[in-house]
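Residue numbers (the working numbering): 285 to 424.
This is the structure:
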């Protein structure tokens, strides 16, 4: 099976630009009701995933990791790229095997999909994978 069959294309996925401010990111996540979203560079490459928790810990602890008083100005000036954690929610290539996808979907609610150049193509959700395999078992 080609995993592209399960792909939700970029055009139907909520995502952030790495140049968005913390405030813009929080507003978008709140608007869509998601707990995490992919982050893209200005040229469309996958940069990582940011979650509500990432925003919360940045606001509480800041860049140096020490608890501080919340400064509203920091959410206006700091960019999403500044709070991305390396290796969180790694993508798969569109040519990945089903086995590789299943390994990722066990650990992540959604799996970002990139092309060979690292450009973001969309996501595959855990729900879509489960629905696909459920439908396969019903048809047998």
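All C-beta atoms in this analysis are idealised placements derived from N, C-alpha and C, irrespective of residue type, glycine included.
Straight-line gap, residue i to residue j (C-alpha atoms, nearest Å)
i: residue 342; j: residue 334; result: 11 Å
i: residue 408; j: residue 345; result: 32 Å
i: residue 291; j: residue 359; result: 33 Å
i: residue 295; j: residue 331; result: 17 Å
i: residue 382; j: residue 288; result: 10 Å
i: residue 340; j: residue 375; result: 24 Å
i: residue 394; j: residue 318; result: 11 Å
i: residue 421; j: residue 286; result: 18 Å
Cβ distance (whole Å) where residue i is taken to contact residue j below 8 Å
i: residue 363; j: residue 325; result: Wrong, their Cβ atoms sit about 11 Å apart, outside the cutoff.
i: residue 410; j: residue 389; result: 5 Å
Backbone secondary structure at residue i - three-state DSSP
i: residue 287; result: helix
i: residue 261; result: Beyond the ends of the chain as shown, which are 285 and 424, falls residue 261; an answer cannot be given.
i: residue 363; result: strand
i: residue 421; result: helix
i: residue 411; result: helix
Beta-carbon proximity list for residue i, same chain, < 6 Å, skipping 5 on both sides
i: residue 338; result: 367
i: residue 412; result: 290
i: residue 293; result: 406
When the options are compared against residue i, the one with the closest alpha-carbon
i: residue 392; options: 372, 424, 287; result: 372
i: residue 396; options: 389, 387, 406, 402; result: 406
i: residue 414; options: 387, 376, 336; result: 387
i: residue 380; options: 370, 398, 369; result: 398
i: residue 365; options: 286, 293, 302; result: 302
i: residue 323; options: 314, 309, 316; result: 309
i: residue 400; options: 418, 385, 377; result: 377
Cβ-based neighbour list, residue i, same chain, cut-off 7 Å, excluding 5 preceding and 5 following
i: residue 328; result: 403, 404
i: residue 307; result: 359, 360
i: residue 316; result: 298
Cut-off 8 Å between Cβ atoms - residues of its own chain near residue i, not counting five sequence neighbours on either side
i: residue 312; result: 298, 300, 304, 321
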